[in-house]
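Here is the structure we will look at.
There are 2 protein chains.
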Amino acid sequence: MSKCEQCIVRQFNSLKHLSKEELLRISACKTSKTIKKGEVLFSEGEHLNGVFCIKDGVCKVSKMSENGRNQIISLVQKGNLLGERSLVSEEVSNLKAVALNDMEVCFIPKEEIIRDLEKNNTFTMSILKDMATSLKSADNLIVDMAQKTVKQRLAEALLHLHTKFNNDSEGYIGVHLSREDIANIIGTATESAIRLLSDLKKKKIIEFHGKEIKILDEIALEKIAQGF
Amino acid sequence: MSKCEQCIVRQFNSLKHLSKEELLRISACKTSKTIKKGEVLFSEGEHLNGVFCIKDGVCKVSKMSENGRNQIISLVQKGNLLGERSLVSEEVSNLKAVALNDMEVCFIPKEEIIRDLEKNNTFTMSILKDMATSLKSADNLIVDMAQKTVKQRLAEALLHLHTKFNNDSEGYIGVHLSREDIANIIGTATESAIRLLSDLKKKKIIEFHGKEIKILDEIALEKIAQGF
DNA sequence: TTTAAAATATGATATTTGTCAGCTTTTCGA
DNA sequence: TCGAAAAGCTGACAAATATCATATTTTAAA
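Rendered as structure tokens:
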């Protein structure tokens, strides 16, 4: 079992505010897991009872609508914590998390980390800031979903993916999403997503080969996102 | 200047976790305001630097989309805190708050209440829980906005308003919203909202006289919200 | 490797929703 | 109380999007 104190990933999230002693305790109780592409980290209706610290890989966090369609709320990647809300809620999860590629994660049980929440105020404040940030981007997403056209939302999503997963030397977006995933991010039918992607390709604004997508004309995409 | 300790409203939000001493300090620095219907509590781009505690009245919290249309994110009423996020963020507000009726509010400066966040962990945890709850409902709203039709969203919104503002003896929704406000809650054109409301009225599912709206057939509305 | 299943792609069409125009009713300030 | 402005309403039409059908390509399992 590796030690949290030596884990680089910790530097990228709220865990960096824990003391050596606190980290030792967390190290002792956490469980490391390898999660294969397509596997489920947790499901809707499940008691989460802890947080995941993502060491490597990306997962999609989604929720089923009453219409029976899946909406992807966010993509969570290396360095992030996942499931923070379970720490302050007794309710079951309303979200589902599925690995988009092979992942390395650590699971820290709620009962252990809750002690730090109660004693280490810097840590609590950091979690609070995280949630405030999530809340702000959730608000922005609500506005986009409610007010923008599918075309705008696709442009927006591509720009966002490009910024967030820009870890490919050739400029390709560093995460492989199916057309269905893309449709579920922007909240539309798969066919519509495919059509709009093809349009963007025809207009030389993006380029793709299967799931490898690259933005060619960022300015044009930004204009589309803004409604032009 | 009234004392927070004797204020009933405090019992309904995180301020209830403050000690007598803390409340005395807050009492001393807060400012009470009367805000008339239609007046702005704060605008997008403004430094908020504190929280509002709503003693009476309701306000709409909204954000402009890049398309130039206004999206109402939430309605905040008596007992609630408003602007909690400003406590842990240095950024300007991305939201705007406008009174829907005459309001009584207290404004507590950030620099005072931040002390309590740093020292009173029960208070911090309570704020954290609030944010977690907000985040959960924001997630649900994202899904609804992305996946549901305008008709479904209207039904949903009416049910939600009925539950949240059910303080009228005749069963009318206890807050007066213009047709434009309703459209801005569900993310559609005013004309579309008007048309769908008329439809529901024709089908005897709701009843309204101007801004007085009453639900007649809750079951039917629930079915519509679910897509039938 | 072969082959069935899944994913991607495209066309035709139906449905939903937005926009514009014109009208009526309500509200509110002079 | 009057009259203008705002809000509410309705119809006609255009644009956006979903749905269904079907073909093609890719993926993954036997």
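Here the protein sequences line up with chains A and B, keeping their order.
Counting from 1, position 159 in the first sequence corresponds to residue 159 in this note's numbering; the numbering is continuous, with no gaps.
Counting from 1, position 203 in the second sequence corresponds to residue 431 in this note's numbering; the numbering is continuous, with no gaps.
Every residue, glycine too, gets a C-beta built ideally from N, C-alpha and C.
Can you tell me whether residue i is helix, strand or coil according to DSSP?
| i | result |
| --- | --- |
| B:Ile236 | coil |
| B:Leu309 | strand |
| B:Val403 | coil |
| B:Leu424 | helix |
| B:Leu246 | coil |
| B:Ser314 | helix |
| B:Ser255 | helix |
| B:Glu408 | helix |
| A:Glu118 | helix |
| B:Glu384 | helix |
| A:Lys203 | coil |
| B:Lys231 | coil |
Would you give the residue range spanned by the alpha helix (DSSP H) that residue i belongs to?
| i | result |
| --- | --- |
| A:Val40 | A:Val40 -> not in any alpha helix (DSSP H); beta strand (DSSP E) instead, spanning Val40 to Phe42. |
| A:Val143 | Asn121 to Gln147 |
| A:Ala189 | No alpha helix (DSSP H) contains A:Ala189, which DSSP labels as neither H nor E. |
| B:Glu446 | Glu446 to Gln454 |
Just to confirm before moving on: does the CB-CB distance between residue i and residue j stay below 9 angstroms?
| i | j | result |
| --- | --- | --- |
| A:Phe42 | A:Gly79 | no |
| A:Asp102 | A:Thr34 | yes |
| B:Ala411 | A:Ser65 | no |
| B:Asn295 | A:Gln152 | yes |
| A:Lys3 | A:Leu24 | yes |
| B:Thr416 | B:Leu382 | yes |
| A:Ile114 | A:Leu158 | no |
| A:Val260 | A:Cys53 | Missing from the structure shown is residue 260 of chain A; chain A here goes from 1 to 228 and no further. |
| B:Ser242 | B:Ile355 | yes |
| B:Ile401 | B:Ile443 | yes |
| A:Asn49 | B:Lys364 | no |
| A:His176 | A:Leu75 | no |
| A:Asn120 | A:Leu197 | no |
| A:Ile224 | A:Leu161 | no |
| B:Ile272 | B:Lys291 | Note that residue 272 of chain B is Glu in the sequence shown here, rather than Ile. Going by C-beta atoms, B:Glu272 is nearer than 9 angstroms to B:Lys291. |
| A:Cys7 | A:Glu112 | no |
Give me the chain B residues within the contact set of residue i, using Cβ-Cβ distance strictly less than 8 angstroms, ordered along the chain.
| i | result |
| --- | --- |
| A:Arg195 | Within 8 angstroms Cβ-Cβ: nothing; A:Arg195 doesn't reach chain B, min ~18 angstroms. |
| A:Ala134 | According to the sequence shown, residue 134 of chain A is Ser rather than Ala. Chain B residues near A:Ser134: Leu363. |
| A:Leu15 | Simply none; closest approach about 16 angstroms. |
| A:Gln71 | Ile370, Val371, Ala374 and Gln375 |
| A:Asn94 | Lys364, Asp367 and Asn368 |
| A:Arg85 | Ala360, Leu363 and Lys364 |
How far does the beta strand (DSSP E) with residue i in it extend, from its first residue to its last?
| i | result |
| --- | --- |
| A:Phe165 | First-last for A:Phe165: undefined, no H or E at that position. |
| B:Leu303 | Asn298 to Gln305 |
| B:Ile263 | Thr259 to Ile263 |
For residue i, write down the residues that DSSP places opposite it in a beta bridge.
| i | result |
| --- | --- |
| A:Asp56 | A:Glu104 |
| A:Ile113 | Per DSSP, none; premise fails for A:Ile113. |
| A:Lys96 | A:Ser62 |
| B:Glu440 | B:His437 |
| A:Val51 | A:Ile108 |
Quick one: does the C-beta of residue i sit closer than 8 angstroms to a heavy atom of the ligand SAM?
| i | result |
| --- | --- |
| B:Phe335 | Absence of the ligand SAM is noted for the structure shown, with no ligands found whatsoever. |
At a CB-CB cut-off below 8 angstroms, which residues of chain A make contact with residue i?
| i | result |
| --- | --- |
| B:Ser293 | Val143, Asp144, Ala146, Gln147 and Lys148 |
Which chain B residues are close to residue i, counting only those with a beta carbon under 9 angstroms from its beta carbon?
| i | result |
| --- | --- |
| A:Gly187 | Ile370, Val371, Met373, Ala374 and Gln375 |
Report the neighbours of residue i on chain A: residues whose CB is nearer than 7 angstroms to its CB, in chain order.
| i | result |
| --- | --- |
| B:Ala366 | Leu135, Ala138, Asp139 and Ile142 |
Could you work out which residues of chain A lie near residue i, taking near to mean beta carbons separated by less than 9 angstroms?
| i | result |
| --- | --- |
| B:Ser317 | Lys129, Ala132, Thr133 and Lys136 |
| B:Met353 | Val88, Leu117, Glu118 and Thr124 |
| B:Asn349 | Leu117, Glu118, Lys119, Asn121 and Thr124 |
| B:Gln305 | What B:Gln305 touches in chain A: nothing, since even the nearest Cβ is about 18 angstroms away. |
Using a C-beta to C-beta distance shorter than 7 angstroms, which residues of chain B count as neighbours of residue i?
| i | result |
| --- | --- |
| A:Ile182 | Those do not exist, as A:Ile182 stays about 13 angstroms from chain B at its closest Cβ, beyond 7 angstroms. |
| A:Gln229 | In the structure displayed, chain A extends from 1 to 228; residue 229 of chain A sits before or after that span and is not available. |
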